[in-house]
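Asks: This structure is in structure tokens; I'll ask about it shortly.
Printed below as a string of structure tokens:
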């Protein structure tokens, strides 16, 4: 028995996001451990430990931002490819170059905000496409029963 297309679409949308969140959480925990160790070293004036930890913290922060950018681009590319596929040119003009903008951002909050902005735009375009497809199917329906079926899909 095949899956309901709505469930399948939902899985395609949420599974990559869940995986990304897990990986981000692990990275954040490791980063937080380094921060806590640095705080302890500061409290006891352990400059040698602090000197060891600071480069790791800076490196980790850079890796984390790089990972975050990559995972957001992957997530948004996945959204674009879902049915019905959304072309970048169908997005709002300020979202056309989201990949380039993401690579230039250095703040995780700004990256998250851009992810949400572009993702919302993709869902908006996809919803309009689906609605237009349903309207076309309703117009081309051969019988009143077929029209009624399509209209029910519109309101579900």
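In our numbering, the protein residues as written are 16 to 171. Every residue, glycine too, gets a C-beta built ideally from N, C-alpha and C. All values reported here derive from a predicted model rather than from experimental measurement.
I'd like to check one pair, residue 83 with residue 123: are the Cβ atoms closer than 9 Å?
Replies: Yes, the pair counts as a contact, with Cβ atoms nearer than the cut-off.
Asks: Between residue 79 and residue 35, is the Cβ-Cβ spacing less than 9 Å?
Replies: Against a cut-off of 9 Å, the Cβ pair of residue 35 and residue 79 comes out as no contact.
Asks: What are the start and end residues of each continuous alpha helix (DSSP H) run of 4 or more residues lying completely inside the segment 30-66, in chain order?
Replies: If we require 4 residues or more, the segment 30-66 turns out to have no alpha helix (DSSP H) run fully inside it.
Asks: Can you have a look at residue 87 and say buried or exposed, based on whether 16 or more other CB atoms are within 10 angstroms of its CB?
Replies: Label assigned to residue 87: buried.
Asks: Counting along the chain, where does the alpha helix (DSSP H) carrying residue 148 start and finish?
Replies: From DSSP, the alpha helix (DSSP H) with residue 148 extends over 123-154.
Asks: To the nearest angstrom, how far is it from the Cα of residue 127 to the Cα of residue 134?
Replies: So the two alpha carbons sit approximately 10 Å from each other.
Asks: From which residue to which residue does the alpha helix (DSSP H) around residue 116 run?
Replies: Run containing residue 116: 113-119, per the alpha helix (DSSP H) assignment.
Asks: What three-state label does DSSP hand residue 100 in the structure shown?
Replies: Looking at residue 100 - three-state DSSP - the assignment turns out to be coil, as it is neither helix nor strand.
Asks: Just to confirm before moving on: does the CB-CB distance between residue 136 and residue 107 stay below 9 Å?
Replies: Contact: yes.
Asks: Got a sec, what are the start and stop residues for the alpha helix (DSSP H) residue 158 sits in?
Replies: Per DSSP, residue 158 belongs to no alpha helix (DSSP H) and is neither H nor E.
Asks: I need the DSSP call for residue 106, collapsed to helix, strand or coil.
Replies: Coil.
Asks: Are the segment 92-106 and the segment 58-78 touching by the rule of at least three beta carbon pairs closer than 8 Å?
Replies: No: fewer than three Cβ pairs fall under 8 Å.
Asks: Does the distance from the CB of residue 129 to the CB of residue 116 come in under 9 Å?
Replies: Yes.
Asks: Using the Cβ count rule (16 or more neighbours within 10 Å means buried), how would you classify residue 110?
Replies: Result: buried.
Asks: Are the CB atoms of residue 75 and residue 45 nearer to each other than 9 Å?
Replies: Yes.
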